[in-house]
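Below is one structure, written out as structure tokens, with a few remarks after it.
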Amino acid sequence: MVVDWEQETGLLMTSGDVRIIRIWDTDREMKVQDIPTGADSCVTSLSCDSHRSLIVAGLGDGSIRVYDRRMALSECRVMTYREHTAWVVKAYLQKHPEGNIMSVSGSMNQFTAIYNGNGELINNIKYYDGFMGQRVGAISCLAFHPHWPHLAVGSNDYYISVYSVEKRIR
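full-length UniProt numbering numbers the first residue of the sequence shown as 1 and each following residue consecutively.
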């Protein structure tokens with residue numbers, strides 16, 4: 001089971017090895033909505049944005065799907081990314097000061113992708129082996145800072161890598 005909590009509205013998004021994303025109103029203690037995923041695989045990660053009513057789901061087939069819960073159930077899936085070929089470890093929406101949203105995902109096949117709100121690939125981090133070079137192992141966890149462009153990636157080989165778009169000052 002995967003969940004994401006929306007503090008501003010008190011809504012809880014839940015899913016897992018089912019074909020729906022269920023939205024609960026925790027104040028009223030009742031189900032609000034069931035959104036069909038339209039996929040044959042399980043949901044592995046959820047992230048929501050209360051200001052735009054968006055939900056991002058990472059799936060076991062490697063796809064990332066964006067849903068707008070204000071739309072009709074037959075039209076609520078607004079975007080599908082198919083960059084990954086393996087299990088999506090984490091998909092996340094980040095709010096920027098200028099109102100843009102970024103989607104970040106990592107998968108078990110040693111690949112991390114960063115997308116903008118229009119679905120365009122901004123950057124990706126892939127496995128490589130080199131002398132004195134940093135390598136990316138199979139990703140086991142991923143965390144994105146809620147306000148700054150910092151990304152932390154944990155791998156199965158006990159390495160933690162932190163990435164940023166800002167230059168380091170030495």
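All residues carry an ideal CB built from backbone N, CA and C; glycine is no exception.
DSSP places ARG22 inside the beta strand (DSSP E), whose first and last residues are 20-25. DSSP lists VAL66 as the bridge partner or partners of MET79.
Rounded to whole angstroms, the separation of the alpha carbons of CYS76 and ILE21 is 12 angstroms. In this structure, the beta-carbon distance from PRO36 to ARG52 does not fall below 8 angstroms.
In this structure, VAL56 and VAL43 do not form a Cβ contact; the two beta carbons are roughly 10 angstroms apart against a cut-off of 8 angstroms. Straight through space, the alpha carbons of GLU120 and ALA91 are spaced by roughly 15 angstroms. Annotated as proximal: MET1 and THR14, with beta-carbon spacing under 8 angstroms. Judged by DSSP secondary structure, GLN7 falls outside any beta strand (DSSP E); it is assigned neither H nor E.
If you check the CB distance, LEU59 and ALA39 come in under 8 angstroms.
Where THR44 is concerned, the enclosing beta strand (DSSP E) starts and stops at 43-49. Apart from sequence neighbours up to five positions away, the residues of its chain that approach TYR163 with a beta-carbon distance below 6 angstroms are LEU151, ordered along the chain.
The alpha-carbon of HIS84 is positioned some 14 angstroms away from that of ASN123. ASP61 sits in coil when the DSSP states are folded into three classes, being neither helix nor strand.
For LEU151, the enclosing beta strand (DSSP E) begins and ends at 150-155. For MET30, the enclosing beta strand (DSSP E) stretches over residues 30-36.
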